[in-house]
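Input: a single structure, listed below in structure tokens.
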Amino acid sequence: MARDRLCEEGVSDLKLRLISERRNDGRIYNQPTVSEVAALIVGDVDTAEKRDIIVQKQCGELQRIDEYHTSYLGYQYPLLFPYGEDGYRPNVRHRDKGTNIRHFTDITQSEQNNKDIPWEEATKRNRLTIREWLAFRIQSRSNEAQTLLRSRRLYQQFLVDGFTMMESERLRWLRKNQSKLRVGKYHNLNEYNSNGETHGSNTGKRVVLPSSYVGSRRYMDQLYFDGMVICSYVRFPDLFITFTCNPNWPEIQRLLGSVHLKASDRPDIISRVFKMKFDELLSDLTKKSLLGKVLAYMYTIEFQKRGLPHAHILIFLHPSKKYPTPSDIDRIISAEIPDQDTNEELYNLVKTHMIHGPCGFANRSSPCMKDGKCSKYFPKQFQPETIVDQDGFPVYRRRDNGHTILKNVIQVDNRNVVPYNAKLLTKYQAHINMEWCNQSTLIKYLFKYINKGYDRITAAIVPNDDGTSNQPQNIDEIKQYIDCRYVSPSEASWRIFSFPIHDRKPAVERLYFHCEGQNSVYYTDFDRINTVLEKPSVTESMFTSWFEANCKYPEAQNLTYNKFVSKFVYVKKKREWKPRQKGYTIGRLIWVPPTTDELYYLRLMLTHVKGPRSYNDIRTVNNVKYDTFRDACFAMGFIGDDREFIAAIKEANHWGSGQYLRLLFVHMLLLGSINRPRHVWSKTCHLLADGILYAQQRIANNRGIIFPIL
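Structure representation (structure tokens):
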């Protein structure tokens, strides 16, 4: 066993210390507030090194295995698998449902020619994944032992270990397939073919981690852009709701009470019950219109090292159902303690779930305490009426009416109440914070907050200084700071069950576009370029199909590209647009930086031009066809003449050197804000030339007194 090896040989006694630094984002790098077994992945799952797992045989021979080895779980968890049972085994097929369908790779050529075999079903994925195996393994069954489900901390470790295996399998599939897949521009492939380059492995570039990979930075950025485009269509969100799981729900206690387990011992039960409660809450808000007719919504599920899942929900209400005035806000949001005599049930729920603190001298270990003060600014001040301050934040009514609650041996009043909705609190009996947010100044903050990404932590490997170790330590050589992804048991079980971590309505269609001949072409290393170029679909894309649809459908002539998806739907297999039969979708042009030059100006034109049939139509303004999209944008008035940049350079010329002017111009280029760089550079060169002539004149006048000219 590994423990015997550690006891026999001189191995440094180390421990892992979690560090909280102010320079990092406190919303992501906060300290855990619960005691749980978590997984720390150095970097992240997509950048972490391969796990180094070594098995020593009884003969003394060492062998490296990976986490997908059939015996890995038996070796790692001997208490859970006392008989050395096999764990996950790759290439296990799903059970056939009364058919003789086999995998396509197992079928002979003669059988492939047989049209009686349903090949569409035969080619579907029918192999068991690690996620499916883990979801099957953690189910409770009456005819199976409960060893795994009742192992408490060891069960938590099994879940987070299974999650890392699951994510590693996904990344391994991406790496395995992307090692063969390349992407290049159609125009570039034509040039390569003309120059005699025939093999695909020498052209294009590798495909990077896709934005569809759940949890990646690109994935969260795309969600942020999607949220902003929803906001541009349905205006500002009205309500911001935070819904936190309650481990004392009767559904949880009924199951765990009989087996003497705590809620933290069964993260899978917590995740499943919370998912059912959350679905019911979302149904009450959107379908049953509990707070009014909802036009749009979006939510994110988070965990934040607190042991329990919680959801952030943004609600966009219909204009006729909004709450614009302070009196309207008081109808749905309360920040006061109810009267115990008239509503004892609500009083007890507020006491249990909606009282913040008390912080300060009574509870300095509270997670919201920073520098001796509450980061949430509790206790608040008494407020006789609800108002909205100049920054757009509501200040809720908190009257000094004498209502108090005894919390942690301290008497608290309305100043410590978290805003809530009485109906939702009574029904769901959990922490449900509701905030009014119908102001433009809060929009970007809210969308960035709910799309901030996964939990992370900074850790340091330090020697164990508790006095129990006899091994000499070298602190300078051992200490090492590492930035880690933090995976809690609740998050692991949520992802193993494949529950969504984000959703939005209405759907957002990401619209891609490209300059002429610059559409992306996907091919493998083994494809010949001339074969790729001969495919009929190589010149077709979502964007060029839009041109064809504008020629085919008269109603498309009055729609811009981003409005087009509200009336038409793109059929990817056929690469064509068809009229939409049902549903509603919002279109979003993908974001490109100004440094992409013509592509950026094409995007500007697409926000205005309706029903073009070719690239020439997009470059035409008032019956004048321009050579570039930049010139067309200038004719439309979308871009300026860079007067402010020229004025800044002229101002700097009075007190700055020539080197400073060049540096200032370079910074302007890096910002990508100059619309006509050549024009600005010509003005800069004139100023530099004037400066040199002026300096030469000073040198001549002062007879040898030379001024530095840089």
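Taken in order, the sequence shown gives residues 1 to 710; the numbers are from UniProt numbering. Virtual Cβ for every residue (Gly too), placed ideally from N, Cα, C.
{"Asked": "Separation of R17 from I478, as counted between CA atoms", "Found": "Confidence in I478 is poor, its pLDDT being 40 and thus under 50, which makes the residue's placement too unreliable to answer from."}
{"Asked": "4-residue-minimum alpha helix (DSSP H) runs that sit fully inside the segment 244-321, ordered along the chain", "Found": "250-257 and 267-286"}
{"Asked": "Residue environment, M1, which counts as buried when at least 16 other CB atoms sit within 10 Å", "Found": "exposed"}
{"Asked": "Cβ shell of R588 (< 8 Å), same chain only, five flanking positions each side left out", "Found": "F225, D226, V229, V508, E509, R510, L511 and N562"}
{"Asked": "R603 classed as buried or exposed, judged by whether at least 16 other C-beta atoms fall within 10 angstroms", "Found": "buried"}
{"Asked": "Whether P319 touches C245 by CB criterion (7 Å)", "Found": "no"}
{"Asked": "CA nearest to the CA of P267, picked from R150, L661, I410 and I649", "Found": "R150"}
{"Asked": "Residue range of the unbroken alpha helix (DSSP H) whose run includes L6", "Found": "A2 to E8"}
{"Asked": "Distance CB(L134)-CB(I501) smaller than 7 Å", "Found": "no"}
{"Asked": "Other residues of its chain near D614: CB distance less than 7 Å, five sequence neighbours each side excluded", "Found": "Residue identity differs from the one stated: residue 614 is Ser in this sequence, not Asp. So the list reads F547, once near-sequence residues are dropped."}
{"Asked": "M354 - partner residues in DSSP beta bridges", "Found": "Its beta-bridge partners do not exist; DSSP assigns none."}
{"Asked": "Boundaries of the alpha helix (DSSP H) in which A549 is found, first to last residue", "Found": "M542 to K552"}
{"Asked": "Local Cβ density within 10 Å of N558, reported as buried at 16 or more and exposed below that", "Found": "exposed"}
{"Asked": "Same chain only: Cβ atoms within 6 Å of R676, ignoring 5 sequence neighbours per side", "Found": "D642"}
{"Asked": "Environment of K15 [buried if 16+ CB atoms lie within 10 Å]", "Found": "exposed"}
{"Asked": "Cβ-Cβ distance between F645 and V680 below 7 Å", "Found": "yes"}
{"Asked": "Start-to-end residues for the alpha helix (DSSP H) that takes in F136", "Found": "I130 to R137"}
{"Asked": "Three-state class that DSSP yields for V592 in the structure shown", "Found": "coil"}
{"Asked": "Same chain only: Cβ atoms within 7 Å of M636, ignoring 5 sequence neighbours per side", "Found": "H608 and V621"}
{"Asked": "Cβ-based burial, Q682 [other Cβ within 10 Å; buried from 16]", "Found": "For the sequence presented, residue 682 should be read as Ser rather than Gln. Classification for S682: exposed."}
{"Asked": "Per-residue DSSP class, three states only, for I501", "Found": "coil"}
{"Asked": "DSSP beta-bridge partners of N433", "Found": "T242"}
{"Asked": "Counted within 10 angstroms of its Cβ, other Cβ atoms place E9 as buried (16 or more) or exposed", "Found": "exposed"}
{"Asked": "Nearest-angstrom Cβ-Cβ length linking W577 and S271, presumed shorter than 8 Å", "Found": "40 Å between Cβ atoms; not a contact."}
{"Asked": "Environment of M276 [buried if 16+ CB atoms lie within 10 Å]", "Found": "exposed"}
{"Asked": "Under 7 Å between C-beta atoms of M166 and R131", "Found": "yes"}
{"Asked": "Buried or exposed (CB count within 10 angstroms, at least 16 for buried), A145", "Found": "exposed"}
{"Asked": "Interface flag, R619 vs chain B, CB-CB below 7 Å", "Found": "Although the question refers to chain B, the structure presented lacks it and comprises just one protein chain."}
{"Asked": "DSSP bridge partner residues for A484 (one or two, in chain order)", "Found": "Residue identity check: residue 484 is Cys in the sequence provided, not Ala. DSSP, once it has assigned bridges, lists V42 and I457 as partnering C484."}
{"Asked": "Own chain residues within Cβ distance below 8 Å of L425, not counting five before or after", "Found": "L346, L349, V350, H353, M354 and I432"}
{"Asked": "Between the CA atoms of F543 and K567 - distance to the nearest angstrom", "Found": "16 Å"}
{"Asked": "Residue range of the unbroken beta strand (DSSP E) whose run includes A145", "Found": "No beta strand (DSSP E) contains A145, which DSSP labels as neither H nor E."}
{"Asked": "Residue environment, S232, which counts as buried when at least 16 other CB atoms sit within 10 Å", "Found": "exposed"}
{"Asked": "Euclidean distance between Cα positions of L148 and I138", "Found": "8 Å"}
{"Asked": "Burial state of H69 (16 or more Cβ within 10 Å)", "Found": "buried"}
{"Asked": "Per DSSP, the bridge partner or partners of V508", "Found": "I586"}
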